[in-house]
Amino acid sequence: MTKHIFITGGVVSSLGKGLTAAALGMLLENRGLNVRMQKLDPYLNVDPGNMSPFQHGEVYVLDDGTETDLDLGHYERFTSGPLTKYSSLTCGKIYRNVLRRERRGKYLGKTVQVVPHITNEIKRAVRRVRSSSVDVVITEIGGTVGDIEGLPFLEAIRQFALDVGRQNCIFIHLTLIPYMKSSNELKTKPTQHSVSRLRQIGIQPDMLICRTEQPISSNERNKIALYCSLRQEDVIEEKDAEFSIYEVPLALHQNGLDRQIVNRFWKERKDIIEPDLSAWVDILDRVKNPQHEITIAVVGKYVKHKDAYKSIYESLDHAGIKNRAKLKVLRISSDDFDDASQEGITRSLHGVNGILVPGGFGDRGIEGIIAAVRFARENNIPFLGICLGMQCSVIEFARNAAGLSDAHSSEFAPDSPHPVITLMDEQRNITDKGGTMRLGSQPAVLNPQSWAFECYKQENITERHRHRYEFNNDYRQRLQESGLRIAGTSPDGKLVEIVEVPEHPWFVGVQFHPEFKTKPTCPHPLFDRFIAAAVRQKNVIG
Ligand code: GLN
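Listed below in structure tokens is the structure:
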């Protein structure tokens with residue numbers, strides 16, 4: 012029978028619920044259990060696809076093309092169970108489903124209400140991810156207990172525990188124990204209040220995970236346990252990581268999180284092993300003992316928001332770990348050199364060992380990005396362009412290496428005489444912006460004479476996409492004759508997926524998003540080779 016763990020958050024937002032949930036998933040998977048992760052978000056957008064990265068951070072994309080919250084990225088980086096459209100639901104999507112059913116007359120004339128109709132829909136969403144082979148579903152509830160928006164979700168999970176049996180559910184509340192410098196004390200009161208809020212709606216948490224700056228003493232643990240009606244061993248400390256987020260799962264294991272869960276759910280099962288965390292210990296060792304130190308510039312539109320390129324930064328970290336390189340990541344906003352003066356760019360990018368241009372939408376900052384690409388190409392600095400980054404590298408190459416000085420993308424210059432990046436024909440008449448992109452996992456075939464092939468070591472790959480515009484085939488021959496290498500296409504050869512500049516130490520642009528397929532234990536080969544090239548560049552330059 013599938014068990015359920017529900018994770019709620021209390022006191023403040025941004026406690027790292029996603030990371031904690033993912034770390035728990037990893038620990039349970041390592042014990043041989045079949046785990047599924049799920050996120051329920053209380054906001055009303057149907058999905059984050061149309062939300063600004065400045066508001067919401069990165070939009071993460073799944074294989075099936077679902078556009079999700081960035082926490083799903085943590086889940087995929089830490090665990091291996093498949094994620095699908097059922098793994099990520101917003102309140103907006105839940106309401107949409109209910110309203111659609113209402114329009115079809117499925118409620119037989121009844122008044123449609125939050126309880127039971129919305130709550131039933133939420134419960135249905137949770138049930139969808141269970142199956143006879145799944146041991147445990149971990150469902151993270153977005154937001155903070157006490158938010159108006161979160162109430163239907165909390166009510167639904169309360170009911171869910173009654174439906175499947177209380178013994179089959181664990182409620183974990185992630186909370187903050189603030190440290191007061193002036194009195195040198197940890198304060199437990201906000202946690203007590205948050206738990207009492209949960210109790211008012213009928214949920215008694217089974218465990219607390221306490222985010223804290225300072226270690227929690229046994230006195231404090233006693234107090235928290237007593238006031239929150241818990242056993243001491245169910246109050247788990249999660250101290251701020253000192254070096255890296257990869258300390259989190261190791262610390263949670265040490266503090267008994269997975270042991271307590273196994274004891275509650277599977278006391279009788281003899282096949283549940285102790286987790287083997289050696290790969291994670293090795294990762295931490297590599298983080299703490301690097302052999303190289305390099306600087307990577309990320310030149311992008313949304314670098315000012317700390318989470319807008321979350322998966323890019325994580326992918327760089329993973330590749331740094333693999334290459335034993337400590338990375339200094341310079342986040343450079345392309346807006347800052349929109350005048351595209353080569354002098355400004357030279358100043359900002361001087362001395363970097365690699366340049367990465369991530370994805371983005373709209374024309375703000377584009378000339379700055381193109382200038383940064385030019386700087387990388389002309390100065391032999393390892394370059395990785397992703398989606399918009401690839402498109403800008405094609406524009407730059409067309410302008411400065413193929414003599415098409417007014418080349419552009421029709422996204423930014425609809426009347427450009429040389430639209431080297433353009434919309435696919437079938438997309439030209441679409442006006443509704445929801446779900447009109449090329450989204451999700453798509454196959455590609457690699458040119459065996461390419462860096463891409465060297466990375467993947469195979470001809471057929473699949474990668475995730477999220478874009479509308481494409482390389483314009485009318486310019487394929489001209490750009491190839493000028494020295495651009497087409498390193499990968501769609502299997503029918505019609506869509507260019509990867510471009511490279513062979514007259515360069517390492518210059519690769521990809522139309523897809525490799526950052527959505529990387530794990531600390533298995534970095535994406537493109538990031539791995541990009542960082543390796545940057546290490547080589549540093550060693551050559553000295
Ligand atoms: N704006 C570009 C497009 O729509 C690139 C998108 C991206 O970088 N994800 O094709």
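Under the working numbering, the first residue of the sequence shown carries the number 12, and numbering increases by one thereafter. For each residue, glycine too, the CB sits at the ideal point set by N, CA and C. The model shown is predicted, which means the values in this text are computed figures rather than measured ones.
According to the Cβ coordinates, are residue i and residue j closer than 9 Å?
i, j, result
"residue 476", "residue 398", "yes"
"residue 365", "residue 76", "no"
"residue 416", "residue 431", "no"
"residue 327", "residue 309", "yes"
"residue 220", "residue 247", "yes"
"residue 21", "residue 184", "yes"
"residue 187", "residue 26", "yes"
"residue 329", "residue 466", "no"
"residue 324", "residue 418", "no"
"residue 400", "residue 493", "no"
"residue 287", "residue 245", "no"
"residue 307", "residue 531", "no"
"residue 381", "residue 312", "no"
"residue 388", "residue 519", "no"
"residue 104", "residue 140", "no"
"residue 547", "residue 516", "yes"
"residue 130", "residue 170", "yes"
"residue 83", "residue 98", "yes"
"residue 74", "residue 100", "no"
Please identify the residue among the options whose C-alpha is closest to the C-alpha of residue i.
i, options, result
"residue 283", "496, 462, 39 and 150", "39"
"residue 369", "29, 70 and 408", "70"
"residue 212", "157, 224 and 189", "157"
"residue 41", "89, 214, 79 and 29", "89"
"residue 422", "414, 433, 215 and 429", "433"
"residue 304", "51, 48 and 545", "545"
"residue 315", "65, 31 and 35", "65"
"residue 46", "273, 147 and 491", "147"
"residue 498", "459, 28, 401 and 375", "459"
"residue 35", "259, 130 and 348", "259"
"residue 359", "83, 375, 371 and 340", "340"
"residue 85", "435, 29, 456 and 537", "29"
"residue 33", "228, 98, 149 and 322", "149"
"residue 236", "479, 203 and 116", "203"
"residue 504", "73, 92, 454 and 275", "454"
"residue 37", "169, 107, 289 and 62", "289"
"residue 134", "363, 49, 378 and 281", "49"
"residue 54", "172, 44, 224 and 80", "80"
"residue 363", "335, 145, 393 and 189", "393"
"residue 165", "201, 210 and 192", "210"
"residue 488", "510, 501, 502 and 468", "510"
"residue 262", "60, 291 and 280", "291"
"residue 589", "449, 205, 137 and 142", "Limits of the chain in this structure are 12 at one end and 553 at the other, which puts residue 589 out of reach."
Is it the case that the CB of residue i approaches a heavy atom of ligand 1 more closely than 8 Å?
i, result
"residue 163", "no"
"residue 154", "no"
"residue 448", "yes"
"residue 402", "yes"
"residue 65", "no"
"residue 76", "no"
"residue 464", "no"
"residue 422", "yes"
"residue 425", "no"
"residue 480", "yes"
"residue 372", "yes"
"residue 397", "yes"
"residue 316", "no"
"residue 369", "yes"
"residue 524", "yes"
"residue 477", "yes"
Name the DSSP bridge partner or partners of residue i?
i, result
"residue 83", "According to DSSP, residue 83 bridges with nothing at all."
"residue 62", "Note: residue 62 sits in no beta bridge, so no partner."
"residue 188", "223"
"residue 430", "419"
"residue 48", "149"
"residue 324", "None; residue 324 has no bridge partner."
"residue 510", "497 and 520"
"residue 343", "310"
"residue 336", "303"
For residue i, decide whether its Cβ has a neighbour in chain D, counting only Cβ atoms nearer than 9 Å.
i, result
"residue 509", "In the structure shown, chain D does not exist; there is a single protein chain."
With hydrogens ignored, establish whether the beta-carbon of residue i is closer than 8 Å to any heavy atom of ligand 2.
i, result
"residue 375", "By its list of ligands, the structure shown excludes ligand 2, since it contains just ligand 1."
Check: If you scan the stretch 107-143 from start to end, which runs of the alpha helix (DSSP H) of 4 or more residues do you find wholly inside it?
Finding: 130-139
Notebook entry, point to check: Whole beta strand (DSSP E) runs in the stretch 460-500 with 3 or more residues, listed along the chain?
Noted result: 471-478, 480-482 and 496-500
Item checked: Length at least 3, wholly inside the stretch 254-317: the beta strand (DSSP E) runs in chain order -> 303-311
Notebook entry, point to check: If you scan the stretch 201-247 from start to end, which runs of the beta strand (DSSP E) of 3 or more residues do you find wholly inside it?
Noted result: 218-223
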